[in-house]
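The sequence shown begins at 362 in the working numbering and counts up by one.
We put the CB at the ideal spot given by N, CA and C, even for glycine.
In what follows, a structure is listed as structure tokens, so that the remarks can point back to it.
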Amino acid sequence: KRLAELRVFEHLAPGSQAWVALDMERGVGALSVPSGVSPGTRFSAELLRGSRMVLLAAKVGERDVEFRLVAGCGSGDQARHIAESLSGLRALVSALAARESSATEMVQALERISIGVENTAALVRLSLDLTLLERILREAARSATLGAVFGRSAVGGRR
């Protein structure tokens with residue numbers, strides 16, 4: 362019932378194979394994710410403040426993976442604010458990743474991210490070729506900066 366109230370299913374792209382929705386109105390606590398830029402740097406859910414719900418969905422095709430992030434808001438102004446914040450974050454991460462000589466494909470992937478607004482939702486779309494995604498993950502594992510974010514044990518090394 363709550364998913365319907367938050368209009369999650371309206372934002373779920375047809376064919377999505379995996380998805381997770383967060384009820385931002387009921388609080389997500391101290392949710393944060395590694396930035397992928399430097400060890401210890403994290404992005405928090407504060408970046409999505411103003412959204413009612415956040416949906417992350419993925420669809421795996423034969424040759425690519427499509428990711429879709431939706432921040433459903435109460436107004437178009439809130440959605441635009443979140444989209445602008447996400448665009449700024451993308452530019453910052455791209456600039457920082459560009460400083461890493463081994464992060465070329467990460468920079469290319471960041472450039473492929475589409476950020477926009479539809480009605481009262483900020484939308485982020487990214488389609489990555491499976492081969493490119495595999496190379497990015499391998500590159501991240503090799504990079505001292507990016508690999509540290511994932512932890513050595515998570516990428517086949519030791520912790």
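Inset, instruction - Kindly confirm or deny that the stretch 407-427 and the stretch 375-387 touch, where touching means at least three C-beta pairs closer than 8 Å. - result: yes
Legend entry - Validate contact between the stretch 424-442 and the stretch 483-490 using beta carbons, cut 8 Å, 3 pairs: yes
Inset, instruction - Return the residue from the list L409, R413 and L493 that minimises the CA-CA distance to R368. - result: R413
Inset, instruction - State buried or exposed for A456, treating a residue as buried only when at least 16 other CB atoms are found within 10 Å of its CB. - result: exposed
Legend entry - Limits of the unbroken beta strand (DSSP E) element including L484: Secondary structure note for L484: its beta strand (DSSP E) is the uninterrupted segment A482 to D490.
Legend entry - Simplified DSSP assignment, three categories, for A458: helix
Legend entry - Length of the line joining the Cα atoms of T481 and R499: 37 Å
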